[in-house]
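Novice:
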Ligand SMILES: Cc1cc2nc3c(=O)[nH]c(=O)nc-3n(C[C@H](O)[C@H](O)[C@H](O)COP(=O)(O)OP(=O)(O)OC[C@H]3O[C@@H](n4cnc5c(N)ncnc54)[C@H](O)[C@@H]3O)c2cc1C
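In this note's numbering, the protein residues as written are 5 to 398.
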């Protein structure tokens, strides 16, 4: 734990100790079974709520723990080591649904919704992606029409984490056209009874997470934040949710290299194995430094578009490489489901795709110099350049 650069106060240390115990006693013993069942029990979210994991950064006045982003990043990393599907669901709940309501909700909305989300009584989902709109967030087709003091939302959402089990969803939809003929995009709060769950999408990794397809048909919703600012809100929220996983795969590989004997000595004596372990250790360290640097800047209230995107890109690509090396070091045993090594690689792969792909999240130094006002310009000039070439709406 990097305490020199980012000293943690007593409250943060106590919280991380609770998270560690929760992961070791409640999560690790069940992880293989949950992965096999492709389902997480509802109670595990309630238990996570009891130790403050369902509202880590949210202010105390709304039932949150009011912790720093650095502390939350350590907590998600620690839980990810035990079971990534649960860590992802909890991270998404905190960063996306809770995060967006906390950042952009009215005082009344915060008081009404946040305490139930931060306590773990409710799970929050977040719906941006659609069958025809992934990286191109400007191309969403879900529509919202005003009806007096509320809105009616109609459309489909795809790949929504916790979608079918979420009690509340933050939904991004179009509310008309802008003056320059682009989609006007706004954010909404919608309750579970307005959502038609279509199906669970069975995934390569993160199998216990309820990755869902959802439909809305004139579903009642209330607007969240200013009309027409939904895309900027979504991109701001995504900036705050970048985390990496790989430590579990590395620890296993490191121990195995000392235990497994071939040709009369531990395989860890062979330089080829040592190189793999050293590369993994180096990439893990760099991922942690970059992630915690971005989290630290967020704690200072700085704009972290470049740092978040760089940390997300580097940490997620590294996690896949580290898990792949761990499989290689474990040889044939890694390929069997007797060990969780293949699960680590499956789970890590999502990190290079979810919350923007590696290509879409790719930062460049031009990003930090961009004077453009649109959030996308600052986030990913590489993506916006190809969007211009491809003529996609964004
Ligand atoms: C398990 C899981 C959970 C998810 N959870 C959520 C959730 O809770 N809420 C939510 O809203 N979404 C969620 N998503 C969706 C996720 O954010 C999208 O899958 C992701 O944004 C990519 O969109 P896409 O899958 O449509 O790929 P596409 O956008 O179709 O991309 C396909 C390929 O084209 C590349 N590409 C596309 N555009 C460009 C460009 N301009 N320049 C260069 N390359 C480009 C991409 O990098 C990729 O390689 C989840 C996805 C998964 C798999």
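Built from N, CA and C at the ideal position, the CB exists for glycine as well.
(1) Let's test the definition: count the other Cβ atoms within 10 Å of the Cβ of residue 344 and tell me whether it reaches 16, buried, or not, exposed.
(2) When you measure from the CB of residue 96 to every non-hydrogen atom of ligand 1, does any distance come out below 7 Å?
(3) Can you say whether residue 255 is buried or exposed, counting buried as having 16 or more other CB atoms within 10 angstroms of its CB?
(4) Kindly provide the ranges of any beta strand (DSSP E) runs that are 3 or more residues long and lie completely inside the region 98-153, ordered along the chain.
(5) Roughly how many whole angstroms lie between the Cα atoms of residue 116 and residue 122?
(6) Taking DSSP as the reference, what is the three-state secondary structure of residue 273?
(7) On the three-pair Cβ rule with 8 Å, is the region 90-101 touching the region 262-276?
(8) Can you tell me which residues form a DSSP beta bridge with residue 315?
(9) If you follow the beta strand (DSSP E) that residue 75 is part of, which residue opens it and which one closes it?
(10) Between the C-alpha atoms of residue 359 and residue 269, what's the straight-line distance to the nearest angstrom?
(11) Which same chain residues end up closer than 6 Å to residue 166 when comparing Cβ atoms and leaving out the 5 residues on each side of it in sequence?
(12) Does DSSP put residue 356 in a helix, in a strand, or in coil?
(13) Specify the secondary structure class of residue 225 as computed by DSSP and reduced to three states.
(14) Quick one: measure Cβ to Cβ for residue 314 and residue 294, integer angstroms, because I've assumed they're closer than 8 Å.
(15) Measuring only the C-alpha atoms, how far is residue 172 from residue 195?
(16) Taking only three categories from DSSP, how would you classify residue 250?
(17) Counting only the same chain and skipping the five closest in sequence on each side, list residues whose C-beta sits under 7 Å from that of residue 50.
(18) Is DSSP giving residue 201 helix, strand or coil here?
(19) With which residues is residue 220 paired in a DSSP beta bridge?
(20) Using the three-state DSSP reduction, which class does residue 3 fall into: helix, strand or coil?
(21) Taking only heavy atoms of ligand 1 into account, decide whether any of them is closer than 7 Å to the Cβ of residue 163.
(22) Can you tell me which of 220, 74, 336 and 240 puts its alpha carbon nearest to the alpha carbon of residue 298?
(23) Out of 253, 250 and 273, which has the shortest C-alpha to C-alpha gap to residue 261?
(24) Sorted by chain position, which residues of the same chain lie with C-beta nearer than 7 Å to residue 23's C-beta, five sequence neighbours on each side aside?
Specialist: Walking through what the data contain:
(1) buried
(2) yes
(3) exposed
(4) 128-131 and 147-151
(5) 12 Å
(6) helix
(7) no
(8) Looking at the DSSP assignment, residue 315 forms no beta bridge with any residue, so it has no partner.
(9) Premise fails: residue 75 lies in the alpha helix (DSSP H), 73-86, not in any beta strand (DSSP E).
(10) 44 Å
(11) 93, 127, 129 and 214
(12) coil
(13) strand
(14) 6 Å
(15) 5 Å
(16) coil
(17) 124
(18) strand
(19) 159
(20) Since the displayed the chain opens at 5 and closes at 398, residue 3 lies outside it and no answer follows.
(21) yes
(22) 74
(23) 273
(24) 55, 57, 79, 82 and 83
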